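K.L.:
Add 112 to a position in the sequence shown, counting from 1, and you land on the number used in our numbering. Cβ coordinates follow ideal geometry from the N, Cα and C atoms, glycine included. Just so it is clear, the structure is predicted and the values come from calculations on it, not from any experiment.
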Amino acid sequence: QGNVTKLVNNAAGNFLAPTEQLTPNGFDAIVKTNLYGSFYATQACGRRWIERKYKGAVMSIVTTYAEHGSAFLVPSAVSKAGIIALMKSLAAEWGVYGIRLNAIAPGPFPTEGANSRLMPDERLAEKMYKLIPLQRVGEHNELTDMAIFLLSDLSSYLTGEVIYLDGGASLTSAGQFNLFTELPRERVMQMFESLRPTKKQ
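(1) How is the alpha helix (DSSP H) around A259 delimited, first residue to last?
(2) Leaving aside the five residues before and after L119 along the sequence, list all residues of the same chain whose C-beta is less than 8 Å from its C-beta, in chain order.
(3) Verify whether the separation of the beta carbon atoms of V249 and P187 is less than 8 Å.
(4) Cutting at 8 Å between CB atoms, please list the residues of its own chain near I244, excluding the five before and the five after it.
(5) Let me check one thing: in DSSP terms, what residues is P218 bridge-paired to?
(6) Distance check for T223 and L134, CA to CA, integer angstroms please.
(7) Does the beta-carbon of A215 have 16 or more other beta-carbons within 10 angstroms, so that it is buried, or is it exposed?
(8) Kindly list the residues whose CB is nearer than 6 Å to the CB of I260, restricted to its own chain and excluding five residues on each side of it in sequence; keep chain order.
(9) Buried or exposed for T271, going by 16 or more other Cβ atoms inside 10 Å?
(10) Specify the secondary structure class of K165 as computed by DSSP and reduced to three states.
(11) With a cut-off of 8 Å on the beta carbons, I'd call A183 and A193 a contact; round off their distance for me.
(12) Since K118 sits in a beta bridge, which residues does DSSP pair it with?
(13) Closer than 8 Å by C-beta to T117: which residues in its own chain qualify, once you throw out the five before and the five after it? Chain order, please.
(14) With respect to the alpha helix (DSSP H) encompassing L198, which residues constitute its N-terminal and C-terminal limits?
(15) Under DSSP, the alpha helix (DSSP H) around N137 begins and ends at which residues?
(16) Return the CA-CA distance between Y269 and D140, expressed in angstroms with no decimal places.
(17) Is A237 close to chain D? Criterion is C-beta to C-beta, closer than 8 Å.
(18) Compare the C-alpha of T256 against each of A189, E273, A217, K242 and name the closest.
(19) Just to confirm before moving on: does the CB-CB distance between R212 and A203 stay below 8 Å?
(20) Measure the Cβ-Cβ separation of I196 and N121 and say whether it is below 8 Å.
(21) Below 8 Å between beta carbons: does that hold for L263 and S191?
This is the structure:
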């Protein structure tokens, strides 16, 4: 019921899989969570803001490989690229209403859950991190600070932009999961299989 004027699109579904083995349900699940969810939430807020003449701000979390692509993450890359197109299109369309839309493309900000799902091979993880020009992974407060900046009046003249918050990683190692192509496909399949959740007995 309050005057909500900020939106963060942070819903994300993701899993590693060889594209030739993707099922329609698997692909749809990721695209619907990421792209559809962001569209409908943004549309609902935008409609409300336009009707009530509110100036709003939308900040979406995307990914660096939405632009560069990445092996084994096609549904995520496709859906996040769609979010970038959505954000840029609406920045042009809704700017007249004072509505701003920007995005953050984070690099490696390790969490226990993400690492176990997306970078289970420690050797490859170490190799990937060494390719980062700043020679470290991100601190979570750095991501929070950037999100606050994009939603605040400090960025009141910024719209339609994607901020690469990745320590320069996209400059040297675009599509970081391409490193999995160095492994035998059998090893890749075994690794991905081990990441699948097991049914409760």
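P.N.:
Judging by the given coordinates:
(1) 252 to 263
(2) The residues are A153, T154, C157, G168, A169, V170, M171.
(3) no
(4) G219, P220, D278, G279, G280, A281, T284, S285
(5) Per DSSP, L277.
(6) 26 Å
(7) buried
(8) Excluding sequence neighbours, I260 sits near nothing in its chain.
(9) buried
(10) The three-state secondary structure of K165, taken from DSSP, is coil.
(11) Contact flag wrong, Cβ pair sits at about 15 Å.
(12) A169
(13) Excluding sequence positions up to five before and after T117, its CB lies within less than 8 Å of the CB of W161, Y166, K167, G168, A169, all in the same chain and listed in chain order.
(14) 186 to 206
(15) 136 to 143
(16) 36 Å
(17) No chain D is present in this structure, which holds just one protein chain.
(18) A217
(19) yes
(20) Contact: no.
(21) For L263 and S191, no; Cβs fall outside 8 Å.
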